[in-house]
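Engineer: Per the working numbering, the sequence shown starts with residue 51, numbered consecutively. Before we start, here is the structure in question, set down as structure tokens.
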Amino acid sequence: MSENGALRARLSGLAQEIVKFGAVGGAGVVVNFLVFNLVRHLTGLPVVRASVVATVVATGTNYLGYRYFTYRDREKSGRTRELTLFLLFSVIGLVIENGVLYVATYGFGWGSPLQSNVFKFLGIALATLFRFWSYRTWVFRALPVGESAGGDASAADAAVRADASVADAAVHAGEAASRAGAPPPVRAR
Numbered sequence: 051m052s053e054n055g056a057l058r059a060r061l062s063g064l065a066q067e068i069v070k071f072g073a074v075g076g077a078g079v080v081v082n083f084l085v086f087n088l089v090r091h092l093t094g095l096p097v098v099r100a101s102v103v104a105t106v107v108a109t110g111t112n113y114l115g116y117r118y119f120t121y122r123d124r125e126k127s128g129r130t131r132e133l134t135l136f137l138l139f140s141v142i143g144l145v146i147e148n149g150v151l152y153v154a155t156y157g158f159g160w161g162s163p164l165q166s167n168v169f170k171f172l173g174i175a176l177a178t179l180f181r182f183w184s185y186r187t188w189v190f191r192a193l194p195v196g197e198s199a200g201g202d203a204s205a206a207d208a209a210v211r212a213d214a215s216v217a218d219a220a221v222h223a224g225e226a227a228s229r230a231g232a233p234p235p236v237r238a239r
């Protein structure tokens, strides 16, 4: 596969991942706002506490969406590790999300229902950037080339991908060597 083709494939895969992450996240935002406004208006909990409750509920629904929709093709062998990291990064996201709301409400005195929802939305947006990076990097790790979450990759497919990776590495090594003035490496046949 050419460099342009490989780049296009990676960008296409990333775009698909972002769309799936956004779909699950969008559903999570709806859950988050529904629970936030219901808890805030029906229970009398302070704004940030109501937001924390809503974030926890949305985090639970999002885990299911990410694991079984967005990242269903990712590694599934270490569920305890996965869930531990998901909860750790979700708590950090909760602090980011609700920290924005806390500063707006208690730091600036912006506590009307409209202002609370606007700053909750801004907090969710900032936390989403962090969550996307952390979940895809640490929680739902990509499988090594040639493996499939369902275990249905054939040995021939894996061998072809491995051979292509070796060939790409050899080409890049040869290009680097020629730019440095050294003779290109000898490729075994």
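Built from N, CA and C at the ideal position, the CB exists for glycine as well.
For the region 123-138 against the region 74-90, do three or more pairs of beta-carbon atoms, one drawn from each stretch, fall closer than 8 Å, so that the two count as touching?
Structural biologist: Short answer: they don't touch.
Engineer: Compute the distance between the beta-carbons of V97 and G161, then report whether it is under 8 Å.
Structural biologist: Result yes, Cβ atoms of V97 and G161 sit closer than 8 Å.
Engineer: At the level of alpha carbons, what is the spacing between L84 and A104?
Structural biologist: If I take the Cα positions, the gap works out to 8 Å.
Engineer: What did DSSP end up calling G161 once you bin it into helix, strand or coil?
Structural biologist: In this structure, G161 counts as coil in the three-state DSSP scheme.
Engineer: Comparing alpha-carbon positions, which option in R60, F71, P194 and A59 lies nearest G115?
Structural biologist: Cα-wise, what sits closest to G115 is F71.
Engineer: Compute the beta-carbon to beta-carbon distance between E132 and V189, rounded to the nearest angstrom, for a pair I have assumed lies under 8 Å.
Structural biologist: Confirmed, Cβ separation roughly 6 Å.
Engineer: Does the beta carbon of F119 fall short of 7 Å from some heavy atom of the ligand COA?
Structural biologist: With respect to the ligand COA, the structure offers nothing, as it holds no ligand at all.
Engineer: Determine the closest residue to A192 out of G173, E125, T178 and Y185, with distance taken between C-alpha atoms.
Structural biologist: The residue with the shortest Cα to Cα distance from A192 is E125.
Engineer: Whose C-alpha, out of R186, G76, I142 and R122, is nearest the C-alpha of V102?
Structural biologist: Among R186, G76, I142 and R122, the Cα nearest to that of V102 is on I142.
Engineer: Around the C-beta of V89, are 16 or more other C-beta atoms found within 10 angstroms, so that it is buried, or is it exposed?
Structural biologist: Answer is buried; the Cβ neighbour count reaches 16.
Engineer: What does the Cβ neighbour count give for G173, buried or exposed, with the cut at 16 atoms within 10 Å?
Structural biologist: When all chains shown are included, G173 counts as buried.
Engineer: Go to L61, then tell me how far its alpha helix (DSSP H) extends in each direction, as first and last residue.
Structural biologist: Looking at the DSSP string, the run of the alpha helix (DSSP H) that includes L61 is E53 to T93.
Engineer: Helix, strand or coil, according to DSSP, for E147 in the structure here?
Structural biologist: Looking at E147 - three-state DSSP - the assignment turns out to be helix.
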